[in-house]
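In the numbering used here, the protein residues as written are 25 to 108.
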């Protein structure tokens, strides 16, 4: 399983990167500072049958980054691709 993280991916180019990666069989973790926007974006992609998960992340907040990294390690064992 290839796992990717795309930050700020609830809209625009980030959203499209998630769609493209997931469309090629990559499991993608979509992140956003805004939980509601991230949940909505991931739901749209999941309805298309894509392997997408959401996790809230503020890349400017050290504690948010630390919590996210711990969650990713626990859930997926690590990541293979990072798109910022």
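Glycine included, C-beta positions come from ideal geometry on N, C-alpha and C.
Round the Cβ separation of residue 7 and residue 53 to the nearest angstrom and send it over; I've been treating them as touching at under 8 Å.
Residue 7 lies beyond the residue range present for the chain, which begins at 25 and ends at 108; the question has no answer from this structure.
Mark residue 56 as exposed unless 16 or more other C-beta atoms lie within 10 angstroms of its C-beta, in which case mark it buried.
buried
Distance check for residue 74 and residue 35, CA to CA, integer angstroms please.
16 Å
Can you have a look at residue 69 and say buried or exposed, based on whether 16 or more other CB atoms are within 10 angstroms of its CB?
Here residue 69 is buried, its C-beta having at least 16 other C-beta atoms within 10 Å.
Terminal residues of the continuous alpha helix (DSSP H) containing residue 59?
59 to 71
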